[in-house]
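Those protein sequence lines, which keep their order, are chains A and B. Residue 292 in the numbering used here sits at position 235 of the first sequence, with consecutive numbering throughout. Residue 1120 in the numbering used here sits at position 224 of the second sequence, with consecutive numbering throughout.
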Amino acid sequence: MTGTAFPILPTKPGVGYKAQHFASLLTDAGPVAWLEIHAENYMGDGGRPLAQLRHLAERFALSVHGVGLSIGGEAPLDAGHLARLKTLCDWLQPASFSEHLAWSTHDGAYLNDLLPLPYTARTVARVAEHVDHVQSVLGRRMLLENPSSYLAFAASEMSEVEFLVEVARRTGCGLLLDVNNVFISATNLGFTAMGFIERFPMDLVGEIHLGGHYADQDEGGAVVLIDNHGHPVADPVWALYAATIARGGPKPTLIEWDNDVPEWQAMVSEAARAAAILEPLS
Amino acid sequence: MTEAEFAAALLDPQRPVPAGLIRPDGTPADRRFDIYRNNVAVGLTEALRAGFPVVEKLVGAAFFAAMVGIFLRKNPPQSRIMMLYGDKLPDFLASFPPLAAYPYLPDVARIEQSLRESYHAADVEPLSHEVLAETSEAVLLGRRIRLAPPVRLIRSPWPVHSIWCANVDGGPKPGAGPQDVLVLRPGFDPRPHLLPAGGGSFLSLLMGRATIAEAIDAAGPGFDLPAVLSLLLSGGAITGLE
């Protein structure tokens, strides 16, 4: 497999791959240097999705991003799903594999959303055990992504940064820093986004995510930001991203746009904006 | 608060929001929990809309959304691979009382689900026309046909192929009567094809590992074998003879 031609993600912009951008990517990638795919969309047996991926792997470094492992769940990881992930990673030899600090299955039902968990001594042990399990099955280091949160748990005993640092310390995993998620959670839960970035262990960050959100309100009139990956990256998120790069140095940076996916040129514009922040520091 | 309580309240809007979920000031995060409820329902609804556009067109967008809202709570996905979520929708449509007057809908949904399965099925090189042409008729009749992974058969007492075409391609208004439909995927794009009389029985037997001669017998008098073989060949449906 030619995926091994790209053993690491470049410290340049990448985009979340959408099938409608296939032709544009091969002819006019612009500043887009790498691609991220959602692992579960490539777990079919064949057909166009796998054929496109075969072509793309020859041209671009790839990041495989799982959305269904339920690493934050109470139950042990699903052996069948892990085996499918291994098959995909063994085939593609991606530059990176990442998953979320979240859960998405319960009692056999898959809820198709990234759900939150309290940050306690018990959950940190469980998540670390699950990350160990993933890394031993895949035979590679994974990146764990900070979530976007709409509410907090009265039961939490530590901050999200403390939680992620502890999981990384126990497992040796890296971290995927979603700057949009930091901005959303900070707004929704009432902490300072820059304070989060300042405490975040930038040396463990293997990748950054940027995506769009929109604003809603709760029953108390408080602004609640909703993470929908359906808009351009918001200006304050760009500012937070620039501050993050200034602090931690250039990192591979992904533009995520999963809903109301725009024309290719809009993806190129977003990637160019990230490149303008990355390049002076590269 | 346990994961079980969180999950149960997500899928059932009548349940109270689990205790211990809070806003920044420590008050209960009821409205914020609804964001997760909404994400789950919208995410699954969108997956079903993408998978069953003809069913949605036939029943209307508002009815479809309300109906799948009931379906997804009874049948949340059992797999993390969402590309095929909705395999239980045809049976649900058949047992959904408000749709009792539309008995053809489950088979329309079966065509749509078959198209999804076919799209993601394994790629297997089809048998070349030459190999088939070089095999004598006597030998051929005793052989079993190995069909390509993307091939699907839908047998219906309703004119579902015409209904599908009328709604996707703007085909003529459907008449009455049963139709057997074969989904084929030459290359990457699956299409449903109308089978001639006897074609459904013929394919059904082939899929059950009968010999070609046995399948022809089942197809009955007047069965147009050359037409069906030609359809199978052009659709890349034959991958081997056994």
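Positions of the beta carbon are idealized from the N, C-alpha and C atoms, including for glycine.
Query, Result
"Selection of the stretch 149-163 of chain A by Cβ proximity to chain B, strictly under 8 Å", "W160, S161, T162, H163"
"Residues in the stretch 1010-1039 of chain B having any Cβ partner in chain A nearer than 7 Å", "Y1015, H1016, A1017, A1018, D1019"
"Run of the alpha helix (DSSP H) containing N935 of chain B, from where it starts to where it stops", "926-947"
"Residue range of the unbroken beta strand (DSSP E) whose run includes Y167 of chain A", "166-172"
"Exposure label - V1035 of chain B; buried when at least 16 CB within 10 Å", "exposed"
"Residue burial classification, T310 of chain A (beta-carbon count within 10 angstroms, cutoff 16)", "buried"
"Contact with chain E by H288 of chain A, beta-carbon distance below 9 Å", "Reference to chain E is not applicable here, since the protein chains of this structure are A and B."
"Interface positions of the stretch 938-950 of chain B facing chain A (Cβ-Cβ less than 8 Å), listed along the chain", "G939, L940, A943"
"Cutoff 9 Å: D1065 of chain B Cβ touching any chain A Cβ", "no"
"Nonlocal neighbours in the same chain, by C-beta distance under 6 Å from L1043 of chain B, ignoring five residues either side", "A1133"
"Terminal residues of the alpha helix (DSSP H) in which Q322 of chain A lies", "321-335"
"Identity of the residue in A:Q150, A:I334, A:L200, A:G87 nearest D235 of chain A by Cα", "A:L200"
"Three CB pairs or more closer than 8 Å across the stretch 198-217 of chain A and the stretch 921-936 of chain B", "yes"
"Secondary structure, beta strand (DSSP E): runs of 3+ residues fully inside the stretch 1004-1044 of chain B", "1041-1043"
"Close-in-space but distant-in-sequence residues of the same chain around A178 of chain A (CB under 7 Å, 5 per side omitted)", "E214"
"For W91 of chain A, the first and last residue of its enclosing beta strand (DSSP E)", "91-95"
"Rounded straight-line distance, which links the Cα of R1105 of chain B to that of A903 of chain B", "44 Å"
"Opening and closing residue of the alpha helix (DSSP H) in which V188 of chain A lies", "178-195"
"Contact with chain B by V124 of chain A, beta-carbon distance below 9 Å", "yes"
"Inter-residue spacing [alpha-carbon to alpha-carbon] between A211 of chain A and N935 of chain B", "22 Å"
"Spatial distance of A1017 of chain B from P1046 of chain B (CA atoms)", "5 Å"
"Contacts that F220 of chain A makes with chain B (C-beta to C-beta distance below 9 Å)", "Simply none; closest approach about 17 Å."
"Neighbourhood of S339 of chain A by C-beta distance below 7 Å, restricted to the same chain and skipping five residues each side", "T68, P307"
"Under the three-state DSSP convention, the category P70 of chain A falls into", "strand"
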